[in-house]
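A.B. asks:
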Amino acid sequence: MSEHLPPPDAARFPELEEDPRWVREVPPRTAVARIFRASGLHSGEWHAFRTFGPLDGRFDPHPEPVGEHTDASVLYGVLESSETLGREAGGGGADGSFAAALLEVFQSTRMIRTGVGAPTLAVFETRRPLRLLDLSDSDWITVAGGNAAISSGGRAAARAWARAIAQRYPSLDGVVSASSLVPTARVVALWKPAENALPQHPSALIRLDRPEMAGVIDRIADRYGYAVL
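No gaps in the numbering here: position 132 of the sequence shown is 132 in full-length UniProt numbering, and each next residue is one more.
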């Protein structure tokens, strides 16, 4: 039986100064990978934080009801590390940042449609340190009365926690969590305070329908049981 994530009780949220391990400080020039749709319905830009919500994102901090919220925004990505980069360069790539980003974006249908909406891989390096609440590699979630289902359980319950976290700790740049699909990867949800942490230009901007991307996409799809259309 999977764990049930209880509703958040902000009264149980500890002061973050009590344990420095609760906040992960991501150093500047850390690479973040994300996939966004560059054309069509709900298109965006590589650096655009979404102010409309809450939608289906696990850590959308927007208050209800659904709508435009200029004081709340989110941008999702996957942290790159020397470990995951080494795996991808070696041809495995099964638990690398690109694989995690690809699986997260297309998980609802498990069909990777590279020709619809111009899905594009963006990689950028952060301009300054990021302070992210660590939901997977610290015990904050347990101290606060929750459990690991925040990373892999129902998204609506996780969004309630995201809203409560953003309200309780407004200076945080967001949260970092294990990917629900590739548990070795670390997904970040960057919130409004992190908007000034992005660079002026990305390190890489690559459409997924480019011929040179076909091989790695096919390998990831085959490994995880996705279809490529």
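Yeah, the Cβ is synthetic: ideal placement off N, Cα and C, and Gly gets one too.
Taking DSSP as the reference, what is the three-state secondary structure of residue 177?
C.D. replies: strand
A.B. asks: Applying the 10 Å Cβ sphere with the 16-neighbour rule, what's the burial state of residue 90?
C.D. replies: Residue confidence is low: residue 90 scores 37 on pLDDT, short of 50, so the model does not pin down where it sits. Its coordinate-derived value is still stated next. The C-beta of residue 90 has fewer than 16 other C-beta atoms within 10 Å across all chains shown, which makes the residue exposed.
A.B. asks: Are residue 185 and residue 78 closer than 7 Å when you measure CB to CB?
C.D. replies: yes
A.B. asks: Could you please give me the residues that DSSP links to residue 134 through a beta bridge?
C.D. replies: Answer by DSSP bridge pairing, in chain order: 176.
A.B. asks: What did DSSP end up calling residue 41 once you bin it into helix, strand or coil?
C.D. replies: coil
A.B. asks: Per DSSP, which residues does residue 120 bridge with? Please list them.
C.D. replies: 36 and 207
A.B. asks: When you compare only the Cα positions, how much space is there between residue 142 and residue 23?
C.D. replies: Roughly 14 Å between the two C-alpha positions.
A.B. asks: Give the C-beta separation of residue 189 and residue 175 to the nearest angstrom, bearing in mind that I take them to be a contact with Cβ-Cβ under 8 Å.
C.D. replies: The Cβ separation is near 5 Å, so the contact holds.
A.B. asks: Taking 7 Å as the threshold (C-beta atoms), are residue 119 and residue 35 in contact?
C.D. replies: yes
A.B. asks: Taking the Cβ atom as the reference point for each residue, do residue 136 and residue 33 lie within a distance shorter than 7 Å?
C.D. replies: no
A.B. asks: By DSSP's criteria, residue 31 is part of a beta bridge. Which residues make up the other side?
C.D. replies: 125
A.B. asks: Measure the CB-CB distance between residue 153 and residue 5 and report whether it falls below 7 Å.
C.D. replies: yes
A.B. asks: Establish whether the CB of residue 131 and some CB of chain B are separated by less than 7 Å.
C.D. replies: Going by chain labels, chain B is absent from the structure shown, which holds only one protein chain.
A.B. asks: Taking the beta strand (DSSP E) that residue 102 belongs to, which residues open and close that run?
C.D. replies: Boundaries for residue 102: no beta strand (DSSP E) harbours it, while the alpha helix (DSSP H) harbouring it runs 97 to 105, taken from the DSSP string.
A.B. asks: Taking buried to mean at least 16 other C-beta atoms within 10 Å of its own C-beta, is residue 139 buried or exposed?
C.D. replies: exposed
A.B. asks: Just to confirm the assignment, what range does the alpha helix (DSSP H) spanning residue 23 have?
C.D. replies: From DSSP, residue 23 is part of no alpha helix (DSSP H) but of the beta strand (DSSP E) over 23 to 26.
A.B. asks: Among 8, 113, 45 and 20, which one has its Cα closest to the Cα of residue 200?
C.D. replies: Looking at 8, 113, 45 and 20, the one whose alpha-carbon comes closest to that of residue 200 is 45.
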